[in-house]
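Counting with full-length UniProt numbering, you get residues 1 to 307 for the letters of the sequence shown.
Heads up: the structure comes next, in structure tokens.
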Amino acid sequence: LKPFWLKAAPSVAMTQAPPFQDETGIIARPDLQAQLTELILRNGQRREKERYDQLTEKSKEEEDSTEPFAADLVLREEDGFELWIGSLEDALSLRGLSEEGVNAFLNCAQEECERECAAYRVCRGRSRCHARGPSAMHDAFLAAATEDAGRDAEEEKALSREQVRALAIFDGDWYASMLGYDTAYLGLDGIDEPDYPMASHFPQAVAFLERCRAERRKVLVHCIMGVNRSAAVIVAFLCSGLGMSLGEAVALVSRHRGLVLSNASFLDQLVDLYGQEDSSGLEAGSTAIQRKSRLVADLPMELVVQR
């Protein structure tokens, strides 16, 4: 049996079946949502295969020496603005954040992230006065977090990640003190549930991302897994802030993140807000995307957008 990332894409391509249009020429909502879902699945399979190929090429030494940072770059502009999507693990990968120069954070799951890290504070028992400061970036700090010098390397590496969780405070001051440079931060209390009104956060999130874009920041948008809440927020920004169609925005995010928006309610809310479009933006490599945004779909980590 082939793994799921090697399975063939659906046999009927989206472009082979013209979308149903009403008398105004607008795609009917159920059909648009079905096309977007199919697009996400197809791009998700492609992205998972790319990740698998990258992992098989990485040597064991590289795996051991690299702190986990699996965020995906969705958008890069010539003047420096970058838009990343990731998970809680990525948001706490201090070395990876520093290496990429990430200096803004949009946490779409503030309360849930705090709950995830609260248990580590109890079991580690370190005072919160140790939770700020660039020393957490260095090997000496990570070694000090290991209580038993005899622990093997793999256990020590795991403990260091636990220690960062134990010290985490989700605000801009904590990130600035840990990374050693100015950061911007916004926390949203989004919930990944079928009936949750995620769209209620879109105006605040879009305004924050527009400010980060004006300041040419490198932004990590994250939740817990980097699949639903963060993806919905980024799609809303691409549509509202950059003027992309919904199809273009979903194509871009799914092309670089993979399987996103599995919460059908979030996709439904996006269709409500931004679904008045034709079918030109539904293909990741469509001329509409290339014309409007100058995105190159076949170069997932080298996106250049001119304003």
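Ideal Cβ placement from N, Cα and C applies to all residues, glycine included.
Alpha carbon to alpha carbon, what distance is there between residue j and residue i?
| i | j | result |
| --- | --- | --- |
| Leu252 | Val164 | 32 angstroms |
| Ala176 | Ala168 | 12 angstroms |
| His256 | Tyr120 | 31 angstroms |
| Gly180 | Leu97 | 11 angstroms |
| Gly44 | Leu273 | 24 angstroms |
| Ala34 | Glu48 | 21 angstroms |
| Leu209 | Gly172 | 15 angstroms |
| Leu259 | Ile40 | 6 angstroms |
| Trp84 | Leu186 | 15 angstroms |
| His201 | His222 | 14 angstroms |
| Met178 | Gln54 | 30 angstroms |
| Tyr196 | Phe170 | 22 angstroms |
| Gly80 | Arg216 | 5 angstroms |
| Glu100 | Leu75 | 14 angstroms |
| Cys108 | Ala118 | 18 angstroms |
| Ala71 | Leu36 | 23 angstroms |
| Glu82 | Leu106 | 13 angstroms |
| Ala184 | Ala166 | 22 angstroms |
| Ala91 | Val271 | 29 angstroms |
| Gly125 | Arg95 | In this predicted model, Gly125 has a pLDDT of only 46, less than 50, meaning its place in the structure is not dependable enough to derive any value. |
In terms of residue numbering, what span does the beta strand (DSSP E) encompassing residue i cover?
| i | result |
| --- | --- |
| Glu82 | Glu82 to Gly86 |
| Leu106 | Ala104 to Asn107 |
| Gly187 | Ala184 to Gly187 |
| Val219 | Lys218 to His222 |
| Leu75 | Asp72 to Arg76 |
Could you tell me the boundaries of the alpha helix (DSSP H) in which residue i lies?
| i | result |
| --- | --- |
| Phe202 | Phe202 to Ala214 |
| Ala249 | Leu246 to Arg257 |
| Leu273 | Ala264 to Tyr274 |
| Arg161 | Ala153 to Leu167 |
| Leu94 | Leu94 to Glu100 |
| Gly180 | No alpha helix (DSSP H) holds Gly180; DSSP gives it neither H nor E. |
| Val235 | Arg229 to Ser240 |
Grab me the residues of residue i's own chain with a C-beta within less than 7 angstroms of its C-beta, minus the 5 sequence neighbours each way, in chain order.
| i | result |
| --- | --- |
| Met198 | Gly190, Arg229, Ala232, Phe266 and Gln269 |
| Gln290 | Low local confidence applies: a pLDDT of 39 at Gln290 is under 50, so the model's placement there is unreliable, with the coordinate-based value given in what follows. Excluding sequence neighbours, Gln290 sits near nothing in its chain. |
| Pro68 | Glu89 and Ser93 |
| Ser254 | Leu39, Ile40, Asn43, Gly44 and Val260 |
| Leu114 | It is Glu, not Leu, that sits at residue 114 in the sequence shown. So the list reads Phe170, once near-sequence residues are dropped. |
| Arg46 | none |
In chain order, what residues of the same chain lie with their CB nearer than 6 angstroms to the CB of residue i, ignoring the 5 residues before and after it?
| i | result |
| --- | --- |
| Ala144 | Because Ala144 carries a pLDDT of 44, less than 50, the predicted location of this residue cannot be relied on, and the following value inherits that uncertainty. Taken in chain order, the list of residues that qualify is empty. |
| Val102 | Lys218 and Leu220 |
| Ala249 | Val235, Leu238 and Cys239 |
| Glu111 | Asp189 |
| Gly226 | Ile85, Gly86 and Ser87 |
| residue 312 | No information on residue 312 is available, as it lies outside the stretch 1 to 307 that the chain covers here. |
| Glu50 | none |
| Ala149 | Bear in mind that a pLDDT of 43 at Ala149, under 50, signals an unreliable position, so the model cannot answer this. |
Confirm the yes/no value for this check: CB of residue i, any heavy atom of the ligand FAD, distance under 6 angstroms.
| i | result |
| --- | --- |
| Tyr196 | Because no ligand of any kind appears in the structure shown, any question about the ligand FAD cannot be addressed here. |
Which same chain residues, not among the five before or five after residue i, have their C-beta less than 8 angstroms away from its C-beta?
| i | result |
| --- | --- |
| Pro194 | Asn263, Ala264 and Ser265 |
| Gln204 | Leu186 and Leu188 |
| Asp182 | Asn103 and Ala176 |
| Gly241 | Val206, Leu209, Glu210 and Arg213 |
| Trp224 | With the sequence shown as reference, residue 224 is identified as Ile, and Trp is not the correct amino acid for it. The residues are Ser87, Leu88, Ala109, Glu112, Cys113, Glu116 and Asp192. |
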